[in-house]
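Worksheet: the structure to be examined is printed underneath.
2 protein chains.
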Amino acid sequence: MEQPILQIIGVLHGDIISREDAPRNFDESERVGTLEIYPEYQEGLEGIAPGQTIVVLFWLHKSSRDILKVYPRGDKSKGLRGVFATRSPARLNPIAISELKVLAIHGNHLEVSGLDILDGTPIVDIKKKISR
Amino acid sequence: MEQPILQIIGVLHGDIISREDAPRNFDESERVGTLEIYPEYQEGLEGIAPGQTIVVLFWLHKSSRDILKVYPRGDKSKGLRGVFATRSPARLNPIAISELKVLAIHGNHLEVSGLDILDGTPIVDIKKKISR
Numbered sequence: 115m116e117q118p119i120l121q122i123i124g125v126l127h128g129d130i131i132s133r134e135d136a137p138r139n140f141d142e143s144e145r146v147g148t149l150e151i152y153p154e155y156q157e158g159l160e161g162i163a164p165g166q167t168i169v170v171l172f173w174l175h176k177s178s179r180d181i182l183k184v185y186p187r188g189d190k191s192k193g194l195r196g197v198f199a200t201r202s203p204a205r206l207n208p209i210a211i212s213e214l215k216v217l218a219i220h221g222n223h224l225e226v227s228g229l230d231i232l233d234g235t236p237i238v239d240i241k242k243k244i245s246r
Numbered sequence: 115m116e117q118p119i120l121q122i123i124g125v126l127h128g129d130i131i132s133r134e135d136a137p138r139n140f141d142e143s144e145r146v147g148t149l150e151i152y153p154e155y156q157e158g159l160e161g162i163a164p165g166q167t168i169v170v171l172f173w174l175h176k177s178s179r180d181i182l183k184v185y186p187r188g189d190k191s192k193g194l195r196g197v198f199a200t201r202s203p204a205r206l207n208p209i210a211i212s213e214l215k216v217l218a219i220h221g222n223h224l225e226v227s228g229l230d231i232l233d234g235t236p237i238v239d240i241k242k243k244i245s246r
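So the protein sequences, as listed, match chains A and B.
In terms of this note's numbering, the first sequence opens at residue 115 and continues consecutively.
In terms of this note's numbering, the second sequence opens at residue 115 and continues consecutively.
This is the structure in structure tokens:
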């Protein structure tokens, strides 16, 4: 099979500008920001409403992609672990999954809370949330 | 930014061979199968244990990628909805997210349950599960 190529559908605007300032994960964050979806894809947003929790996939364009073992949360006391047992941003395909609350929608801009992602990060998908 | 290119890390072996036979989502499925992770990435699995629920990202290589509106669950009575408000497999970047229970691990093969994905589908990532 050919290697899949992702299409960027938008970009995140927020106030997290360094790894050091980023919450560890969405479940530990109340940081707010805006998902700008490019106008050509705005139609795909119909049906999303304020108050919903949505699942957003980001492409972590600044992450290393050649790492198979990491120290979980940077803590060296527990030893190295396989990346697939963690949510480390460094991984072969650096796709982050965030569950974000929709605060408001203005055309192709979604205000959200729960961000743990750097300002300027490309967005690749939004989905309805379900859970087991 | 250049368009991101995904690396396939493995392939799913299961008994779901048609859309018609596939459960609607992982939360409605007890179907079992095997995640074969390619040997060069096996090291990344260290730390995953039987009994855990893992988050698995699949690349739905047979899906349409040019669709922005869908009938949710194929039900035309409710009208069209934007793909980003759904979990339709047809979407610009057809990445599926499944939460799967690990039944057993044999080297680079993970037996899992909860599958809603077709046999032969490429795997692009595995993550630890967290939820809000």
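The beta carbon of each residue, even a glycine, is placed where N, CA and C say it ideally should be.
- Around the beta carbon of Asp239/A, a 10 Å sphere encloses 16 or more other beta carbons of the protein chains shown; the residue is thus reported as buried.
- At the C-beta level, Ile162/B and Val216/B come within 9 Å of one another.
- Judged by their CB atoms, Ala218/B and Pro164/B are nearer to each other than the 9 Å cut-off.
- Just so you know, the alpha carbons of Ile211/A and Glu134/B end up roughly 28 Å apart.
- The beta carbons of Gly228/B and Val125/B sit no closer together than 9 Å.
- Looking at the DSSP output, Leu126/A shares a beta bridge with Leu149/A.
- Any Cβ of chain B closer than 9 Å to the Cβ of Leu171/A would place that residue at the interface, and such an atom is present.
- Check the Cα spacing between Glu225/A and each of Arg145/A, Glu157/A, Arg138/A and Gly193/A: the tightest is with Arg145/A.
- At least one CB atom of chain B sits nearer than 9 Å to the CB of Asn139/A.
- In the DSSP assignment, Asp239/A falls within the beta strand (DSSP E) that extends over Pro236 to Lys242.
- In the displayed model, Gly196/A falls within a strand according to three-state DSSP.
- Taking 7 Å as the upper bound on Cβ-Cβ separation, chain A lies near residues Arg195, Gly196, Val197, Phe198, Ala199, Thr200, Arg201, Arg205, Leu206, Asn207, Ile209, Ile211 and Glu213 of the stretch 193-225 of chain B.
- Using a CB distance cut-off of 9 Å, Tyr185/A does not count as an interface residue toward chain B.
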